[in-house]
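For the protein sequence lines, the chains are A and B, in the order given. Going by our numbering, the first sequence opens with residue 30, and the numbers climb by one from there. Going by our numbering, the second sequence opens with residue 30, and the numbers climb by one from there. Beta carbons are placed, not taken as given, at the ideal position from N, Cα and C, and that holds for glycine. Input: a single structure, listed below in C-alpha cells.
Number of protein chains: 2
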Amino acid sequence: MQKIELPRKAVYRLSVYQRCLQRLRENDVETVSSEALAKAAGVKPTQLRKDLGYVGQFGTRGLGYNVETLAEAITAALGSTRLQPVILVGVGNLGSALLRYSGFRKEGFEVIASFDRYPIKDRVKGTGVPLHPAEEMEDYIASHAVKMAILAVPATEAQTVANQLVRAGVQAILNFSPTVLDVPENVYVNNVDLAIELESLSYFIR
Amino acid sequence: MQKIELPRKAVYRLSVYQRCLQRLRENDVETVSSEALAKAAGVKPTQLRKDLGYVGQFGTRGLGYNVETLAEAITAALGSTRLQPVILVGVGNLGSALLRYSGFRKEGFEVIASFDRYPIKDRVKGTGVPLHPAEEMEDYIASHAVKMAILAVPATEAQTVANQLVRAGVQAILNFSPTVLDVPENVYVNNVDLAIELESLSYFIR
Numbered sequence: 030m031q032k033i034e035l036p037r038k039a040v041y042r043l044s045v046y047q048r049c050l051q052r053l054r055e056n057d058v059e060t061v062s063s064e065a066l067a068k069a070a071g072v073k074p075t076q077l078r079k080d081l082g083y084v085g086q087f088g089t090r091g092l093g094y095n096v097e098t099l100a101e102a103i104t105a106a107l108g109s110t111r112l113q114p115v116i117l118v119g120v121g122n123l124g125s126a127l128l129r130y131s132g133f134r135k136e137g138f139e140v141i142a143s144f145d146r147y148p149i150k151d152r153v154k155g156t157g158v159p160l161h162p163a164e165e166m167e168d169y170i171a172s173h174a175v176k177m178a179i180l181a182v183p184a185t186e187a188q189t190v191a192n193q194l195v196r197a198g199v200q201a202i203l204n205f206s207p208t209v210l211d212v213p214e215n216v217y218v219n220n221v222d223l224a225i226e227l228e229s230l231s232y233f234i235r
Numbered sequence: 030m031q032k033i034e035l036p037r038k039a040v041y042r043l044s045v046y047q048r049c050l051q052r053l054r055e056n057d058v059e060t061v062s063s064e065a066l067a068k069a070a071g072v073k074p075t076q077l078r079k080d081l082g083y084v085g086q087f088g089t090r091g092l093g094y095n096v097e098t099l100a101e102a103i104t105a106a107l108g109s110t111r112l113q114p115v116i117l118v119g120v121g122n123l124g125s126a127l128l129r130y131s132g133f134r135k136e137g138f139e140v141i142a143s144f145d146r147y148p149i150k151d152r153v154k155g156t157g158v159p160l161h162p163a164e165e166m167e168d169y170i171a172s173h174a175v176k177m178a179i180l181a182v183p184a185t186e187a188q189t190v191a192n193q194l195v196r197a198g199v200q201a202i203l204n205f206s207p208t209v210l211d212v213p214e215n216v217y218v219n220n221v222d223l224a225i226e227l228e229s230l231s232y233f234i235r
C-alpha cells in the first residue's frame, strides 16, 4: 500500500492520538468526541480534526468518533510499526538505562543489539540485549537490515557515529546526544535533550 | 530584574542556542554568523534572528554575533537556572536510570530527593540521591521549596501524582509518563514520550 504523505508534526500527533485511543479501548470506551480526544492528547480540537482529516476520518457531529475505526485508520496511515528492529549505540549510563526501559518493547520496538567502543558486559546484564564492539556496528546494520538506531554517545562523538549509521543504511535516528546532527535529507532524526527540557521549564518558575 | 515575557517555544530554542554557544566557547570561538549558529541549532536563520531579537541581540551584518555577549544576553533573559533543586517521582527502571544520568547536574540541576510508593533502596544505590516513601513527598516539597519535578511513574498513576505535586507547590513538571497531564494554567509541563519518538520516526522508514 502506498503511504499517504504526512507532515512530520502530524505524524507525531497521530502517534499521540493512537496512544490515547489505545487507552480508551483498554477501558472499553466505544466512541469519543473530538473535544475529549483533543484534551486527552493535549491539542486544540481544530488541530485534531485537521490531523484526522489526513487519515480520512471526519467524525459525525454529535456522535464523535468510533474508537476502533479511528484507531484502525491511523494504523493504516502510519503503517505498522510492529517488531521494527532497533539498535542502540553508546551504552553509558543513559544508554544502559534505555535498554532497561520497557516502553519501547511495549510499543513494538525491539532493541536487537547494542554497541559501544568499550563494551562492558555488565552494562547490559539482565536486559537480554547483546553488546558488541563499535567496530562491528556497520556490518551488523547491513546484515540485519536495521533501519532505526537510538544514539546515546557523548556529544563529541555523535556526528561521527551518525555518519557511520547513515552509511550503513540507518534511516531514522532517535538522538539523545546533546548535539544537532547533520544528516542527509532522507534520514530522519528526533532529538531528545533531557537537560534542555528541564532548562526550558525552569524559565517559567516564579 | 523583571523577566521578559517569552513565548514557550522561543524559550526552548534559546536554551538550544545557549547550548551551542557553550560549545563554541569551549572551543575558543569568538564570533559566529547567524547562518552557522542556526545550522548548529537545527533552525532556520530567520527563526534564529527573530528569537535573538527577543533578547535584544541583533548581530552585525558581515560580522555575526559575539559569542560571549550573546551567551550573556540569553542567560540574562532566561534567568539563571543554576542549582535549581529538582525531585524525581517514580523510581522504576526509567526513574532509576534518570538518577544516573549526568546531564542534569552538568546543566545546573540537582536531583535532591526521589520518591516511590515502594521505596527499594537498591534502585538509588550509588546515585547519592535519597529515596523516600511517596507519602512523604508533599511535606518534602513544601519544606524544601521545590518547584520542579521529574515524573516517571506508570501512566495510570501520573495524574494523581501530578495533582499532589501541584498541590504541594511544584510549578514545572518534566513528564516521562506516557500520558497527557491536566494541570492548572500556571503549571508548566514538558512531555518526553520515548516510545512515541520512536514510533513517529518509524513512519519515515521506507
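Below-7 Å beta-carbon distance, residue i vs any chain A residue
i: Glu214(B); result: no
i: Phe87(B); result: no
i: Ile116(B); result: no
i: Leu53(B); result: no
i: Ala69(B); result: yes
i: Tyr94(B); result: no
i: Leu160(B); result: no
i: Arg146(B); result: no
i: Glu34(B); result: no
Contacts of residue i in chain A (Cβ-Cβ under 7 Å)
i: Ile234(B); result: Lys176, Met177, Gln200, Ala201
i: Gln113(B); result: Ser231
i: Glu64(B); result: Neighbours of Glu64(B) on chain A: none; closest Cβ ~14 Å, over 7 Å.
i: Arg129(B); result: Asn122, Ala126
i: Arg48(B); result: Pro207, Ile225
Integer-rounded CB distance, given that residue j should sit under 8 Å from residue i
i: Arg48(B); j: Pro183(A); result: In fact, because the Cβ distance is near 14 Å, the residues do not count as touching under 8 Å.
i: Ala181(A); j: Leu117(A); result: 7 Å
i: His173(A); j: Ile141(A); result: 7 Å
i: Leu210(A); j: Ala187(A); result: 6 Å
i: Glu214(B); j: Gln193(B); result: The pair is not a contact, with the Cβ atoms about 18 Å apart (cut-off 8 Å).
i: Leu50(A); j: Ala106(A); result: Not a contact, Cβ separation roughly 13 Å.
i: Ala163(B); j: Phe233(A); result: In fact, because the Cβ distance is near 25 Å, the residues do not count as touching under 8 Å.
i: Asp145(B); j: Val120(B); result: 4 Å
i: Gly93(B); j: Ser62(B); result: 4 Å
i: Glu139(B); j: Val115(B); result: 7 Å
i: Val96(B); j: Val58(B); result: 6 Å
i: Asn219(B); j: Glu136(A); result: Not really, about 20 Å apart at Cβ, beyond 8 Å.
i: Val199(A); j: Ile170(A); result: 6 Å
i: Val221(B); j: Val221(A); result: 6 Å
Residue-chain proximity (residue i, chain B), Cβ-Cβ < 7 Å
i: Leu107(A); result: yes
i: Ile225(A); result: yes
i: Val132(A); result: What sits at residue 132(A) in the sequence shown is Gly, not Val. It does: the Cβ of Gly132(A) has a partner Cβ on chain B nearer than 7 Å.
i: Ser44(A); result: yes
i: Ala126(A); result: yes
i: Phe138(A); result: yes
i: Tyr217(A); result: yes
i: Val209(A); result: yes
Contact list for residue i against chain B, beta-carbon separation under 9 Å
i: Val190(A); result: In chain order: nothing, as chain B lies at least about 17 Å away.
i: Lys73(A); result: Ordered by position in chain B, no residue passes the 9 Å Cβ test against Lys73(A), which lies about 13 Å from the chain.
i: Glu101(A); result: The premise fails here: Glu101(A) is roughly 16 Å from chain B at the closest Cβ pair, so nothing lies under 9 Å.
i: Asn56(A); result: Here the premise fails: no neighbours, minimum Cβ distance about 11 Å.
Chain B contact residues for residue i, given Cβ-Cβ distances below 8 Å
i: Val221(A); result: Val221, Leu223, Glu226
i: Val79(A); result: The displayed chain sequence assigns Lys, not Val, to residue 79(A). What Lys79(A) touches in chain B: nothing, since even the nearest Cβ is about 17 Å away.
Residue i burial status per 10 Å Cβ neighbour count (16 or more: buried)
i: Lys150(A); result: exposed
i: Arg54(B); result: exposed
i: Arg42(A); result: buried
i: Ala39(B); result: buried
i: Val212(B); result: buried
i: Asn56(B); result: exposed
i: Phe87(A); result: exposed
i: Gln31(B); result: Here the model assigns Gln31(B) a pLDDT of 46, short of 50, so the residue's position is not dependable and the matter cannot be decided.
i: Glu228(B); result: buried
i: Tyr217(A); result: buried
Within chain B, the residues that residue i reaches when beta carbons sit closer than 7 Å
i: Val40(A); result: Ser229, Tyr232
Chain D contact for residue i (CB, 7 Å cutoff)
i: Asn122(B); result: The displayed structure is made up of protein chains A and B, and chain D is not among them.
Beta-carbon neighbours of residue i, restricted to chain A and to distances below 9 Å
i: Pro183(B); result: Going along chain A, no residue has its Cβ under 9 Å from Pro183(B), so there is no contact; the nearest lies around 10 Å.
i: Lys154(B); result: Chain A residues near Lys154(B): none, gap ~13 Å exceeds 9 Å.
Distance cut-off 6 Å: residue i Cβ against heavy atoms of the ligand FMN
i: Leu66(B); result: The model depicted lacks the ligand FMN and carries no ligand whatsoever.
Residues that residue i contacts on chain A, provided the C-beta gap is smaller than 8 Å
i: Lys135(B); result: Ala224
- request: Specify whether the region 119-133 of chain A and the region 119-130 of chain B touch according to this definition: at least 3 beta carbon pairs, one from each stretch, less than 8 Å apart.
  value: yes
task: Mind the definition here: the region 39-53 of chain B touches the region 93-105 of chain B only if three or more C-beta pairs lie below 8 Å; say whether that holds.
output: yes
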